[in-house]
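Order-wise, the sequence lines are chains A and B.
Residue 15 in UniProt numbering sits at position 15 of the first sequence, with consecutive numbering throughout.
Residue 399 in UniProt numbering sits at position 399 of the second sequence, with consecutive numbering throughout.
A virtual CB, placed ideally from N, CA and C, is assigned to each residue, including glycine.
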Amino acid sequence: MTVAALLAAAGLSPAPAEIAQLEADYPGWATELSALDEALYEEPAPVFRAEL
Amino acid sequence: MVLTIAEAAVALRTGRTTAVALAESAFAAADKHDAELGIYLSRFDGPARAAAERADAELAAGLDRGSLHGIPLAIKDLLATDDGETTAQSQVLDRAWGRRGDGPAVARLRAAGAVLTGKTTTMEFGIGAPDRTKPFPFPRNPWRPTHYPGGSSSGSASAVAAGLVFGSLGTDTAGSIRYPAALCGVTGLKPTYGRVPKNGCVPLAPGFDHIGPLARSAEDCAILLTALAGADRGDPSSVDRPFEDYRHGLTESLAGLRIGVVPHAEDRVFEQTVAVLRDAGAHTTPVELPYYAELKTVTKFGLAAEAFAWHRTNLQGRWSDYGASTRMAIAKGALVSAADYVQLQRVRRAGQRKLSQLFAEVDLVVMPTATGGAPKIAELSTSGMAETALTSYWNAVGNPALSVPMGFTADGLPLGLQIAGRPFDDATVLAAGHAYQQRTSWHRRTPWESVR
Chain A
1 MTVAALLAAA
11 GLSPAPAEIA
21 QLEADYPGWA
31 TELSALDEAL
41 YEEPAPVFRA
51 EL
Chain B
1 MVLTIAEAAV
11 ALRTGRTTAV
21 ALAESAFAAA
31 DKHDAELGIY
41 LSRFDGPARA
51 AAERADAELA
61 AGLDRGSLHG
71 IPLAIKDLLA
81 TDDGETTAQS
91 QVLDRAWGRR
101 GDGPAVARLR
111 AAGAVLTGKT
121 TTMEFGIGAP
131 DRTKPFPFPR
141 NPWRPTHYPG
151 GSSSGSASAV
161 AAGLVFGSLG
171 TDTAGSIRYP
181 AALCGVTGLK
191 PTYGRVPKNG
201 CVPLAPGFDH
211 IGPLARSAED
221 CAILLTALAG
231 ADRGDPSSVD
241 RPFEDYRHGL
251 TESLAGLRIG
261 VVPHAEDRVF
271 EQTVAVLRDA
281 GAHTTPVELP
291 YYAELKTVTK
301 FGLAAEAFAW
311 HRTNLQGRWS
321 DYGASTRMAI
331 AKGALVSAAD
341 YVQLQRVRRA
351 GQRKLSQLFA
361 EVDLVVMPTA
371 TGGAPKIAEL
381 STSGMAETAL
391 TSYWNAVGNP
401 ALSVPMGFTA
411 DGLPLGLQIA
421 GRPFDDATVL
431 AAGHAYQQRT
441 SWHRRTPWES
451 VR
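Structure follows, in structure tokens:
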């Protein structure tokens, strides 16, 4: 999905200049977030416990 | 008002001052400086004067509530209080929310006899950048009003720096206590996550938010944390762990303490500061923080995702009522996927585990609080602030972190040293800050004297 489509799906209505700004920033953010996948290569999955 | 809380408490009990005199001094300082510095969103002169009169009467009758009894303090306007509405410096927040009254943190200060003088400026909802288009005071740095005091606890830091109050409450989601403390030349503590309950505070990102004190000294922060600490049923993230009076652990020596030093390139002031810690008896060794870049990413996007969750309905219907930088910072959270958020939580756990290994080898970690002094207001940007503050790592892991004044830039703006410790070892963090302040006088400097 494009940034504009993600924002629309979230129900947000930014101005065109604001959408353009988020579109410009997004590739860098995606790179930062994908770096987490590499850091977690050998980490266990999230844990859920039934008891409190 | 350059006394510390500890010194004012002594003055109150030896008859050298009264709570009413301290309150009147606080009002006079606000009358003199607030219009220029943009510290208060609302003042509680009437209730504060009544509280001060009550404190004097109680002390005269032999009822002593401790070191905060009769001491003027200010509250960041994200925290609800009985004395007036909470706005979060926003036109969006439901005013009914702000009429809830004291949450446990504020109630505990009030029960300790503190005199609450008013609500201080922030960024809207604690995120973004100051916005001149909105009908709120614009915060300025007491050291140089053309410069920013830091955020988001802007008014809480500048109120202490400018001598309007002895201490204040702030909140810290990515550095919002420590960054303004550093830029304003005061001391600020982000306690361990869960140490101070957060109900009664407008959330920004509940998994990263902390309430904590700002004051002139580490000793004063110890006094304030002792009043603030302890679980509350209204905040499930608060932790019921025992604690002692944080002032009892303060000493002048760091003998035997192992301090990890995060290298900071060509920073003469930081190097001199580490030398002071060594002179105090600490053994220092260079360290690298595990998952440093990744945990900064965790705070950046985890904060945005959680803030978006809280604001989504209002953003959908009232986009233009938010300030431009605030709505853009929160809208970033709409671009964080569910899978991203799961990964963020996994990295937090992995980072905590690695960091606990580091804290088996050292007792504390020190690093600068920011890469430099206060930026010019004319050059402010949300991303610029995020790059210069070296604080958000500690929000991702939850460990306690203190900022203490450590000197000045070449052109006379304050700099902060950040001291971090093990989870729930806030006492050692405060002890190191106190020992450092016994050997330096940076925390005693005020904007009204030349530092060049």
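Taking 8 Å as the cut-off between beta carbons, none of the residues of the region 149-177 of chain B comes near chain A.
Under the criterion of beta carbons closer than 8 Å, Gly421(B) and Ala370(B) do not qualify as touching, at roughly 19 Å.
Contact note: Glu51(A) does not reach chain B at a C-beta cutoff of 8 Å; the least C-beta distance is about 16 Å.
For Leu344(B), the residues of chain A that pass the 8 Å Cβ criterion are Leu36, in the order they occur in the chain. Proximity to Gly281(B) across Ala432(B), Asp56(B), Ser253(B) and Lys134(B) peaks at Ser253(B), based on C-alpha coordinates.
No Cβ of chain A is located within less than 8 Å of the beta carbon of Leu59(B). Annotated as proximal: Leu68(B) and Ala114(B), with beta-carbon spacing under 8 Å.
Bounds of the alpha helix (DSSP H) holding Ala17(A) are Pro16 to Ala39.
For Gln418(B), the enclosing beta strand (DSSP E) stretches over residues Pro414 to Gly421. Look at Gly281(B) here: in three-state DSSP terms it is coil, with no helix or strand label. Judged by beta-carbon spacing, Leu402(B) lies within the 8 Å limit of Thr187(B), meaning their Cβ atoms are closer than that value. DSSP links Asn141(B) through a beta bridge to Arg144(B). Counted as a single uninterrupted DSSP element, the alpha helix (DSSP H) harbouring Pro104(B) occupies residues Pro104 to Ala111.
Only those residues of the region 19-34 of chain A whose C-beta falls short of 8 Å from the nearest C-beta of chain B are listed: Gln21, Leu22, Asp25, Tyr26, Trp29, Glu32 and Leu33. Beta-bridge pairing by DSSP links Phe408(B) to Pro414(B). By the CB criterion at 8 Å, Leu36(A) and Trp319(B) fall outside the cutoff. Under DSSP, Ala401(B) shares a beta bridge with Lys190(B) and Ala420(B). Pro286(B) sits in a strand when the DSSP states are folded into three classes. Straight-line spacing of the CA atoms in Tyr148(B) and Gln438(B) works out to 28 Å.
For Pro72(B), the enclosing beta strand (DSSP E) stretches over residues Pro72 to Lys76.
Within the region 1-16 of chain A, the residues whose Cβ lies closer than 7 Å to any Cβ of chain B are, in chain order, Val3, Leu6, Leu7, Ala10, Gly11, Leu12, Ser13 and Pro14. The shortest CA-to-CA distance from Val366(B) to any of Phe27(B), Glu219(B), Glu288(B) and Tyr341(B) is the one to Glu288(B). Going by DSSP, Leu380(B) is part of no alpha helix (DSSP H) at all; its letter is neither H nor E. Chain A has a Cβ within less than 8 Å of the Cβ of Leu335(B). The DSSP-derived three-state label of Tyr40(B) is strand.
By the neighbour-count definition (other C-beta atoms within 10 Å, threshold 16), Gly256(B) is an exposed residue.
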